[in-house]
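Numbering (the working numbering), first residue to last: 38 to 684. Note that beta-carbon positions come from the ideal geometry of N, C-alpha and C, so glycine has one too. Every value quoted in this text rests on a predicted model; they were computed, and no experiment measured them. Notes for the one structure printed next.
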Amino acid sequence: PHPPPHPAPTRAPRAQVRGLVRQHIESYNYFIDTDLQKIVFAQANKRVTLDQVTPEPFYLEYHSIRVGEPCVEEDLNVVGTNPHDCRLRDMTYAAPILVDIEYTRGKELVRRKGVEIGRMPIMLRSSHCMLAGKNSDELARLKECPYDSGGYFVIKGTEKVVLIQEQLSKNRILVEKDGKGEITASVTSSTHMHKTRTALVVKHGQIKLKHNSLVEEVPVVLVMKAMGIETDMEIVQLVGCEPQFCDALAASLEVCNSEAQVFTTQQALEYLGSKVKERRGGRFVRQTKSKVDEARDLLANVVLSHVPVEQYDFRSKVLYLAIMVRRIILASLDPTTIDDKDYYGNKRLELAGQMLALLFEDLFKQFNAKLKKSAEKYFGSSHNRAQPFDIKIHMEGQRNLITKGMEDSISTGNWRVGRFKMDRQGVTQVLSRLSFIAALGMVTRINSQFEKTRKVSGPRSLQPSQWGMLCPSDTPEGESCGLVKNLALMAHVTIDEDEQPLVQAAFNLGVEDLNMVSGEEINASGSYLVFLNGLVLGIHRNPHQLGLQLRRLRRCGRIGRYVSIHVQENLRAVNLSSDGGRVCRPLIIVDGGKPKVTSEHVREVTEGIRTFDDFMLEGLIEFLDVNEENNSYIALYESDVTPHHTH
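See below:
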């Protein structure tokens, strides 16, 4: 008898696989579900109040934010829409951004739900798109191809892709040689409020701190004294008591005592206050603060701004500075500890979600500033007011600001964020529909922040650390060779994860809190520093045991599956990372000389009993990023596996 005909597949063939564009879609979903809330509930954005005293009290407060269903306006009617419709009619596929607000109108308090403040372009196949979770029959009815991967936007009828942007990682210490062969350690701090770069440079044997807000470089010992560590002994203990560290620090300690004549914290702050650049324009008025207060505020909030300082307790920041000094001295003694800028573990990829978050935050701040301005204008004028001031009318008038800002940026590809002096061209491109592969390749393309004209070979060459993460051959010929890259098929780009469970796990596994240990204990020969996303958590005496236990927790799902645990022997450090933008790839775990995935598992996959996620949940496969691969021993083929292999 003839074999029975196969039933038609009911869902899109890519529902089983993880898909090539899932990193875009996941980052966009994270932005819509989590980042939007964070931006609106940030201290600076949650409430709009006036600086001046008004006849009746006035404020506006946001209580929640969400994105509605995709729709368009037709003759003042709002109707639902689909991507195909938008393509044909040259419209933008977007959904309203709705907020719940509470504000004062005259003497009464008004609460409003679902006020529209603008429109958010919707990424195709994301959780808010109407195509999400549809099977191939339903997609066909909507005139969509079931094989189309999504991950792009439809803006004014054209399909636009936000390219992945490659950057050096933020909040990490990078030690490198400058043009003159001197060693520098620099950190680009990035928080919601500030993005600044702090560097330590070596000049005439002295280590100095260099920052934009200071007129000139300042001796680093002086900065440490300004942060409350007055005695030279404490400074030496924090950096390291070994003779080679003491010798290297001698010149820096000397300059503090002889040239600057600084011995106490007060004197150090006065000295620093005289070096602070005068801010021209803006809302800053010179006379309000004394120089000492200004210097103290600068140290607390601007220099190394990602290290938190609470109530002017500088302990963690001083320690961070001491680690930077130690790294510089180590690099001068042992050149192998110098970092490589092109090493892929030092890179972060910015996905569509993060790029849109930057843009939305800037537009939202502008939106609030305009509302504040119109309120000030109303209360400032003295004409007879028959109607009480209703901010909601002004909110509806300003709706276009966010809508147009998002739409224009995606359609032109110019990303302008005023607060961070960021101005990038060519962030988006029109989706190339020459072939199915061309469209897919476009969505996994990576753009470097490098001028194409410079003939530098470093960033262009194929780095060994890119193995398995980036495609070794898919790159254009000519001027952008090696600067435009493509993700490998199995590579995944992480999104931010909650740090709290990781902190808890680390302390439970024996990490000693920084505030409980002295400088001498931190630099003792057996203790390793434990970092979490670039910040120091504490110290641990048995780093390999810690790494092993954290990996076990990760495999059974107690901490995030994309958390990376990297033990650095030469720097005596354990780096835990859960931040977004790291590239990682799945590997089969080897246990006792045998791979955990057996032919039985493979059979279950072909029969459709198992999916990729089941392998993850059962701890048969795990994702390693570039750094953690350094602590692993990976076999390329199953036949190569020995008892020493880990993956």
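So, with DSSP's three-state summary, where would you put residue i?
i, result
"Met157", "strand"
"Asn172", "coil"
"Ser411", "helix"
"Glu534", "coil"
"Met361", "helix"
"Ala332", "helix"
"Glu558", "helix"
"Asn294", "helix"
"Gly151", "strand"
"Val454", "strand"
"Pro632", "strand"
"Gln605", "strand"
"Asn437", "helix"
"Ala81", "coil"
"Ala542", "helix"
"Thr225", "strand"
"Ile646", "coil"
"Cys123", "helix"
"Thr91", "coil"
"Phe487", "coil"
"Gly319", "Any answer about Gly319 is weak, because its pLDDT of 49 lies below 50 and its placement is not dependable; what the coordinates show is given next. Residue state, collapsed to three classes: coil."
"Leu673", "coil"
"Ala287", "helix"
"Val313", "strand"
"Val639", "helix"
"Gly218", "coil"
"Glu145", "strand"
"Pro46", "Legend: pLDDT at Pro46 = 43, less than 50; position of this residue unreliable, value from coordinates given subsequently. Coil."
"His231", "coil"
Hey, quick one: how far does the alpha helix (DSSP H) through residue i stretch, first residue to last?
i, result
"Phe652", "Phe649 to Leu654"
"Ile17", "Residue 17 cannot be examined here, being either before or after the span of the chain that is shown, 38 to 684."
Start and end of the beta strand (DSSP E) containing residue i?
i, result
"Gln33", "In this structure the chain extends from 38 to 684, so residue 33 is not present and cannot be described."
"Gly450", "Per DSSP, Gly450 belongs to no beta strand (DSSP E) and is neither H nor E."
"Glu203", "Ile201 to Leu205"
"Ser101", "Tyr96 to Val104"
"Gln303", "No beta strand (DSSP E) contains Gln303, which is instead part of the alpha helix (DSSP H) from Thr302 to Gly310."
"Pro133", "Ala131 to Arg142"
"His577", "Leu572 to His577"
"Phe473", "Counting along the chain, Phe473 falls outside any beta strand (DSSP E), though it belongs to the alpha helix (DSSP H) covering Phe473 to Val480."
"Leu566", "Tyr565 to Leu569"
"Ala610", "Ala610 to Ser614"
"Leu551", "Here Leu551 belongs to no beta strand (DSSP E), and DSSP marks it neither H nor E."
Less than 7 Å between the C-beta atoms of residue i and residue j, yes or no?
i, j, result
"Ile483", "Ile244", "no"
"Leu386", "Val530", "yes"
"Ser759", "Tyr381", "As shown, the chain starts at 38 and ends at 684. That puts residue 759 outside it, with no answer to give."
"Glu139", "Glu98", "yes"
"Val199", "Ile210", "no"
"Val480", "Gly188", "yes"
"Ile688", "Val136", "Because the chain spans 38 through 684 in this model, residue 688 falls outside it and cannot be assessed."
"Leu290", "Val258", "yes"
"Asn119", "Leu179", "yes"
"Val717", "Val344", "A query on residue 717 cannot be resolved here, the shown segment of the chain reaching from 38 to 684 and no further."
"Leu246", "Val255", "yes"
"Asn338", "Gly571", "no"
"Gly390", "Tyr65", "yes"
"Arg364", "Val493", "no"
"Ile626", "Ala542", "no"
"Leu654", "Lys633", "no"
"Thr512", "Gly519", "yes"
"Ser418", "Glu534", "no"
"Glu557", "Gln274", "yes"
"Val611", "Tyr565", "yes"
"Thr465", "Ile439", "no"
"Asn584", "Ile559", "At residue 584 the sequence reads Gly, which differs from the Asn that was named. No, Cβ-Cβ distance for Gly584 and Ile559 is not below 7 Å."
Since residue i sits in a beta bridge, which residues does DSSP pair it with?
i, result
"Arg622", "Leu661"
"Arg461", "Trp452"
"Phe68", "None; Phe68 has no bridge partner."
"Lys197", "Phe190 and Val467"
"Cys108", "Gly117"
"Thr683", "None; Thr683 has no bridge partner."
"Leu211", "Ser223"
"Val627", "Pro632"
Give the list of continuous beta strand (DSSP E) stretches no shorter than 3 residues that lie fully inside the region 234-284. With a minimum length of 3 residues, the continuous beta strand (DSSP E) runs that stay inside the region 234-284 are 243-248.
Restricting to runs no shorter than 3 residues, where is the beta strand (DSSP E) found entirely within the region 336-409? At a cut-off of 3 residues, the continuous stretches assigned as beta strand (DSSP E) that sit fully inside the region 336-409 are 384-387.
Beta strand (DSSP E) runs contained entirely in the region 501-527, provided each spans 3 or more residues: 521-523, all fully within the region 501-527.
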